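Colleague:
2 protein chains.
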Amino acid sequence: MAIDVGDVLVALADPTRRQLLGVLAEQGRASATALATRLPVSRQAVVKHLNVLESAGLVAGARAGREVLYQVRTDSVQESARWLADLAATWDRRLLAIKRAAEAPVAPDRES
Amino acid sequence: MAIDVGDVLVALADPTRRQLLGVLAEQGRASATALATRLPVSRQAVVKHLNVLESAGLVAGARAGREVLYQVRTDSVQESARWLADLAATWDRRLLAIKRAAEAPVAPDRES
DNA sequence: TTGAAGTGCTACCCCAGGGTTGCACAATTT
DNA sequence: AAATTGTGCAACCCTGGGGTAGCACTTCAA
Numbered sequence: 001m002a003i004d005v006g007d008v009l010v011a012l013a014d015p016t017r018r019q020l021l022g023v024l025a026e027q028g029r030a031s032a033t034a035l036a037t038r039l040p041v042s043r044q045a046v047v048k049h050l051n052v053l054e055s056a057g058l059v060a061g062a063r064a065g066r067e068v069l070y071q072v073r074t075d076s077v078q079e080s081a082r083w084l085a086d087l088a089a090t091w092d093r094r095l096l097a098i099k100r101a102a103e104a105p106v107a108p109d110r111e112s
Numbered sequence: 001m002a003i004d005v006g007d008v009l010v011a012l013a014d015p016t017r018r019q020l021l022g023v024l025a026e027q028g029r030a031s032a033t034a035l036a037t038r039l040p041v042s043r044q045a046v047v048k049h050l051n052v053l054e055s056a057g058l059v060a061g062a063r064a065g066r067e068v069l070y071q072v073r074t075d076s077v078q079e080s081a082r083w084l085a086d087l088a089a090t091w092d093r094r095l096l097a098i099k100r101a102a103e104a105p106v107a108p109d110r111e112s
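As they're listed, the protein sequences go chains V and S.
Position 81 of the first sequence, counting from 1, maps to 81 under full-length UniProt numbering, and the rest follow consecutively.
Position 84 of the second sequence, counting from 1, maps to 84 under full-length UniProt numbering, and the rest follow consecutively.
1) Would you mind telling me which residues of chain V sit closer than 7 Å to Arg-92 (chain S), beta carbon to beta carbon, in chain order?
2) Should Ser-76 (chain S) go down as buried or exposed, given a rule of 16 or more other Cβ atoms within 10 Å for buried?
3) Cβ closer than 7 Å: which chain V residues qualify as neighbours of Ala-6 (chain S)?
4) Excluding the 5 residues preceding and the 5 following Ser-42 (chain V) in the sequence, name in chain order all residues of the same chain whose CB lies nearer than 7 Å to its CB.
5) Answer yes or no: do Val-59 (chain V) and Val-68 (chain V) have a C-beta to C-beta separation smaller than 8 Å?
6) What residue range does the alpha helix (DSSP H) around Leu-84 (chain V) cover?
7) Going by C-alpha distance, which of S:Glu-103, S:Leu-20, S:Ala-97 and S:Ala-2 is nearest Lys-48 (chain S)?
8) Could you check if Gly-65 (chain S) is buried or exposed, using at least 16 other CB atoms within 10 Å of its CB as the buried criterion?
9) Contact check, Ala-25 (chain V) vs Leu-84 (chain S) under 8 Å by CB: the rounded distance?
10) Using a C-beta cutoff of 8 Å, does Leu-50 (chain V) count as contacting chain S?
11) Leaving out five residues before and five after Thr-33 (chain V) in sequence, what residues of the same chain have Cβ atoms less than 7 Å from its Cβ?
12) Figure out for me which residue from S:Asp-86, S:Pro-15, S:Glu-79 and S:Val-8 has the closest Cα to the Cα of Val-52 (chain S).
13) Step through the CB atoms of chain S and report whether any lies within less than 8 Å of the CB of Ala-30 (chain V).
14) Taking the C-alpha atoms as reference points, what is the distance between residue 154 (chain S) and Leu-12 (chain V)?
15) Would you list, in sequence order, the uninterrupted beta strand (DSSP E) runs of no fewer than 3 residues that lie entirely inside the region 5 to 79 of chain V?
16) In the structure shown, what three-state DSSP assignment does Ile-3 (chain S) receive?
17) Only counting the same chain, and skipping five residues up and downstream in sequence, which positions put a Cβ closer than 7 Å to that of Ser-55 (chain S)?
18) Using a beta-carbon distance below 8 Å, is Ser-55 (chain V) in contact with chain S?
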């Protein structure tokens with residue numbers, strides 16, 4: 001179930017969702033209703049956000065009796081961070097190569 | 001002008017924008033019209049995306065005669081990656097502390 | 001000086017998604 | 001059994017933003 005970085009980025013792009021993650025990390029585990037009391041939105045909104053976060057692999061929910069307890073999955077956050085760093089590195093190398101080619105003497109090049 | 005990670009995440013959340021960044025990194029520098037020919041959207045759409053990316057600090061545009069050439073700024077991507085990694089580390093420590101507290105023996109308050 | 005190529009801007013369409021309310025159903029508690 | 005608490009839909013509103021078309025303006029090359 002390799003994480004989709006696109007989903008992670010979309011999930012993290014929303015401020016309320018980031019705030020929700022912050023509160024959840026602070027609590028350790030918590031239910032949607034419990035989280036809603038510490039956020040400026042309704043319980044249903046929190047549930048929606050939790051679903052998005054769970055689909056992105058940023059959070060895991062497990063039923064415990066009548067309530068569902070959620071928990072942050074820090075590994076997927078770390079994986080996304082690595083992906084971002086790799087992306088930056090790749091672009092860096094490419095840009096460096098281009099710059100070097102531009103400074104090269106008479107390097108023949110194909111371009112359309 | 002410290003970058004706003006929220007802006008970066010929003011900017012990277014869009015697939016077209018990521019594709020645009022990819023093409024731009026591949027080209028080194030390019031104008032909006034040039035980029036539009038290599039993307040499935042119109043020139044105006046590309047311009048909009050470039051504005052978003054520039055506001056997020058992911059791209060820099062400079063006028064060159066009658067055209068504006070854009071270029072990827074990899075440092076802000078790297079900075080965001082670091083921010084994400086730090087965030088994951090913080091949450092990790094916090095969750096670990098919570099877990100340890102939960103597993104701790106019921107240390108009763110002893111006093112005499 | 002004329003025309004082509006590139007940019008800037010405005011208005012507009014359209015829909016994904018963040019937020020809400022309301023109610024039905026399930027699981028505890030008393 | 002009744003009241004309480006929590007979850008799970010479903011319908012709905014409304015703004016934001018991705019995308020387009022159209023036109024005015026600027027720069028460069030014949």
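The C-beta atom is built at its ideal place from N, Cα and C for all residues, glycine as well.
These numbers come from a predicted model, not from an experiment.
Modeller: Reading off the structure:
1) In the sequence as presented, Arg is not what sits at residue 92 (chain S); that position holds Asp. Simply Thr-74.
2) buried
3) It should be pointed out that residue 6 (chain S) corresponds to Gly in this sequence rather than to Ala. Residues of chain V with a Cβ closer than 7 Å to the Cβ of Gly-6 (chain S) are, in chain order, Pro-15.
4) Ala-36
5) At a Cβ-Cβ threshold of 8 Å, Val-59 (chain V) and Val-68 (chain V) do not count as neighbours.
6) 74 to 103
7) S:Leu-20
8) Counting Cβ neighbours within 10 Å, Gly-65 (chain S) comes out exposed, since fewer than 16 surround it.
9) Their Cβ separation, rounded to whole angstroms, is 14 Å, which puts Ala-25 (chain V) and Leu-84 (chain S) out of contact at 8 Å.
10) For Leu-50 (chain V), the answer is no, since every Cβ of chain S falls outside 8 Å of its Cβ.
11) Arg-43
12) S:Val-8
13) no
14) Here chain S comprises residues numbered 1 to 112, so residue 154 (chain S) is not present and cannot be evaluated.
15) Restricting attention to beta strand (DSSP E) runs no shorter than 3 residues, the region 5 to 79 of chain V encloses them at 59 to 64 and 67 to 72, ordered along the chain.
16) coil
17) Asp-7
18) no
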